[in-house]
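*Asks:* Just passing along the structure, written as structure tokens.
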Amino acid sequence: MQQQKESSPPSISTLSIVQMNDVSASYDSKNYVLKNIKMSITRGTNYAIVGQSGSGKSTLLKLINGMMNPSQGKIMVDYRIPNISDKKFKSFMHKIGYIPQNLGLIKNSTVLENILIGALSRVSALNSFFKKFSDSEIDNAKKILKLVGLQGKAERKVYMLSGGEKRRVAIARALVQKPDIILADEIVSELDHVTAREIMDVLAEAQATMKLTAIMVHHDLQLALEYADRVAVIKEGEKILEIGVEGDKIVDFQSGNYSQREILEMFSNESEE
Amino acid sequence: MNQKNNLIIGLIIAGVVIMSANIDADPRDFVEGLPNIGIMLQEITEVDSSLFVTAFWSMLETIEMAFIGTVVGVAIALPLSLLSARNLNNKFVYVPVRALLATIRTFPSILWAILFVIIVGLGPFAGVLAIIMYTVGFIAKLQYEAIEAIDADPMDAVGAIGVSKLQLIRFVVLPESASHLLSQILYIFDYNIRQTSILGLVGAGGIGFYIINYIKFFEYGKAAVFMLVVLVTVLIIEWVSVRIRDKYIVKSQRGKQIKA
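The following block contains the structure:
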């Protein structure tokens, strides 16, 4: 923990829920998809990770929820080392709501059945076999359906829903977990402008009311800056910037070497490549 | 078409000719025997309608046998398919279970029927047991293949919540493979009706007992009554299963509703 303080202000470090210290990751132990990532994410913030496809953003999320282990470096999530094979960490995983890019919904099940999956950590083996949930769990699930704007659609089969509605179901499933952290992988990237903002508003509201830490991967910098407190920009596996909006100014927290215009220009050039 | 292909086709044709000679399959015998069809067709038309009642009851017995065999067989096959799916187990589990299933599938149902006639005696019970074995062997294989083909996304997404394996099976694997299972159950039920119809051959009950005996004694007219009942039954079941398939399977696989 001492070392990490060097890369971020001490006051933030003590509050951080996710800490990455020189993390590198690789799928084939030859080509690194992530290189020497340093990151400190403060509890309760809305953190965005932006980059082009193939830049390693999705891998970053999988490192945080332990579905993948780093080849080098150290990650701490709420003072734990993420690793899905570790029983202790597995029992903590329901505290991380993970929304993969393809959402991972059960298309032949109803909306309610899908979101109750988020409650499984609180259900006994016998009751889950009979798909039996307590009344309070069902009430809670319905409350969350209302929060994400899906009231009245609890009994719909997921395959009948629109793209925006499916994303709301995935958000609801994650919220039913009663998580501390929400990880969302390009949740709005295939949506039109209006629907994308609706979904982002739902997430922002949930994050505020449930006091969550949200870590979201985007490829749209504008959208990320609009919603996030901080934005990390990843390019070819390396974190090249960490910026935030303070007032009407964009501040670079990593190096301080770029002006707002330079950052935006740099990114717009990058997207055109 | 190139020369290599021609050579391969030539070799295959030569193989068929040589093998036919080897097993005494002579097309001339077929041509000479054709007039016999006429005799048979003539006798088939001499339908003995008094036998329809017997045919109906023996068909009912056949359906009952196939139904019990299918239900019990599927009930046994389902847990075995979960144990033999590679994406749910390590190889110390799935290899032995798969080996067991392969052994079961090695024997056709008629051999199982003979075996069970020896064990439990003549009658429909031996037939039911044979159908169960056949159903277990096939449904378990088709179903573990369906489970292995499940989309990895929901498995990953739900796995990332830290749920137990049983919960993963109950909430992801079963719903995601349910439409395949239903389709396979309909298929195997239809198939079981047809194969139960011939298990009578070895004394394992069902309508086949009558068919085989009448044919043995050249009473084609009487056998025809029973075959007609089988045909009608199979057509009815085919019609019903198409309806079920449209209602529950086609819809979910296309991801939208179709008009019934």
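Chains C and G are the protein sequences, given in the same order.
Quick note on numbering: the first sequence equals residues 33 to 305 in the numbering used here.
Quick note on numbering: the second sequence equals residues 19 to 278 in the numbering used here.
Glycine residues also receive a C-beta, built at the ideal position from the N, C-alpha and C atoms.
1. Please list the segments of the alpha helix (DSSP H) lying wholly inside the region 188 to 234 of chain C, counting only runs of 4 or more residues, in order along the chain.
2. Going straight from the alpha carbon of Ser45 of chain C to that of Ile113 of chain C, what length do you get?
3. Would the beta-carbon of Asn105 of chain G fall within 8 Å of that of Glu194 of chain G?
4. Determine the chain C residues that contact Ile62 of chain G at a beta-carbon separation under 7 Å, and present them in chain order.
5. For Gln209 of chain C, would you say it is in contact with chain G, using Cβ-to-Cβ distances shorter than 8 Å as the test?
6. Look at the Cβ atom of Ser90 of chain C, then the Cβ atom of Val220 of chain C, and state whether they are nearer than 8 Å.
7. Evaluate contact between the region 164 to 172 of chain C and the region 213 to 233 of chain C, counting only Cβ atoms and requiring at least three cross-stretch pairs below 8 Å.
8. Find the residues of chain C that neighbour Phe235 of chain G, judging by a C-beta separation of less than 9 Å, and give them in chain order.
9. Determine, using beta carbons only, whether Phe189 of chain G comes closer than 8 Å to chain C.
10. Hey, is the region 132 to 147 of chain C in contact with the region 191 to 209 of chain G, meaning 3+ C-beta pairs nearer than 8 Å?
11. As a quick exercise: from C:Ala186, C:Asn159, C:Phe161, pick the residue whose alpha carbon is nearest that of Asp171 of chain C.
12. Leaving out five residues before and five after Leu101 of chain G in sequence, what residues of the same chain have Cβ atoms less than 7 Å from its Cβ?
13. Give the range of the alpha helix (DSSP H) segment to which Asp208 of chain G is assigned.
14. Is Leu93 of chain C near Asp217 of chain C, with beta carbons less than 8 Å apart?
15. Residues of the region 175 to 189 of chain G in Cβ contact with chain C at a cutoff of 8 Å, in chain order, please.
16. Please report the distance separating the alpha-carbon of Ile116 of chain C from that of Leu148 of chain C.
17. Going by the DSSP bridge assignment, what does Tyr79 of chain C pair with across the sheet?
18. Are there 16 or more other CB atoms within 10 angstroms of the CB of Leu217 of chain G, so buried, or fewer, so exposed?
19. Below 8 Å, can you find three or more Cβ-Cβ pairs linking the region 147 to 162 of chain C to the region 173 to 184 of chain C?
20. Taking the continuous beta strand (DSSP E) assigned at Asn40 of chain G, which residues delimit it?
21. Determine which residues of the region 90 to 110 of chain G have a Cβ less than 7 Å from any Cβ of chain C, and write them out in chain order.
22. Is any beta-carbon of chain C found at less than 8 Å from that of Asp171 of chain G?
23. Please list the partners that Ser123 of chain C has in chain G, where partner means a Cβ-to-Cβ separation under 9 Å.
24. In chain C, which residues lie with their C-beta within 8 Å of the C-beta of Ala196 of chain G?
25. Measure the CB-CB distance between Ala264 of chain C and Met71 of chain C and report whether it falls below 8 Å.
26. Which chain G residues are close to Tyr130 of chain C, counting only those with a beta carbon under 7 Å from its beta carbon?
27. Quick check on this structure: which residue in G:Met83, G:Val176, G:Glu50 has the alpha carbon closest to the alpha carbon of Ile206 of chain G?
28. Short of 8 Å in beta carbon distance, which residues of its chain neighbour Gln161 of chain G, apart from the five on each side in sequence? Order them along the chain.
29. Between Ser40 of chain C and chain G, is there a C-beta pair that is closer than 8 Å?
30. Alpha carbon to alpha carbon, how far is Gly139 of chain G from Ile122 of chain G? Give it in angstroms, no decimals.
31. Is there a Cβ from chain G that is less than 8 Å from the Cβ of Asn172 of chain C?
32. Taking all protein chains shown into account, decide if Gly88 of chain C is buried (16 or more other Cβ within 10 angstroms of its Cβ) or exposed.
33. For chain C, find out if any of its Cβ atoms is closer than 8 Å to the Cβ of Pro193 of chain G; answer yes or no.
34. Could you pull the DSSP bridge partners for Arg261 of chain G from this structure?
35. Is it buried or exposed for Thr245 of chain C, if we count other Cβ within 10 angstroms and need 16 for buried?
36. Among all the DSSP beta bridges, which residues are the ones paired with Thr241 of chain C?
*Replies:* For this structure:
1. With a minimum length of 4 residues, the continuous alpha helix (DSSP H) runs that stay inside the region 188 to 234 of chain C are 195 to 208.
2. Confidence at Ser45 of chain C is low in this model, with a pLDDT of 46, below 50, so the placement of that residue should be treated as unreliable; the coordinate-derived value is given next. The straight-line gap from Cα to Cα measures roughly 17 Å.
3. no
4. Within 7 Å Cβ-Cβ: nothing; Ile62 of chain G doesn't reach chain C, min ~47 Å.
5. Chain G contact via Cβ: present.
6. no
7. no
8. Result: empty, since nearest Cβ-Cβ is about 53 Å, beyond 9 Å.
9. yes
10. yes
11. C:Ala186
12. Asn107, Val111, Tyr112, Val115
13. 192 to 217
14. yes
15. Answer in chain order: Ala175, Val176, Gly177, Ala178, Ile179, Gly180, Val181, Ser182, Leu184, Gln185, Arg188, Phe189.
16. Their Cα atoms are separated by approximately 21 Å.
17. The partner list for Tyr79 of chain C (beta bridge, DSSP) reads C:Ile247, C:Arg262.
18. buried
19. yes
20. Not the beta strand (DSSP E): Asn40 of chain G falls in the alpha helix (DSSP H), residues 21 to 40.
21. The residues in question: there are none.
22. yes
23. Gly180
24. Asn140
25. yes
26. Ala175, Ala178
27. G:Met83
28. Ala95, Leu96, Ser99, Ser195, His198, Leu199, Gln202
29. Because Ser40 of chain C sits at a pLDDT of 43, beneath the cut-off of 50, its placement in the model cannot be relied upon, and the point is left open.
30. Rounded to whole angstroms, the separation of the alpha carbons of Gly139 of chain G and Ile122 of chain G is 21 Å.
31. Under the 8 Å criterion on CB atoms, Asn172 of chain C is classed as non-interfacial with respect to chain G.
32. Buried is the label assigned to Gly88 of chain C, since at least 16 other Cβ atoms lie within 10 Å of its Cβ.
33. yes
34. Paired residue(s): none; Arg261 of chain G is not in a bridge.
35. buried
36. None; Thr241 of chain C has no bridge partner.
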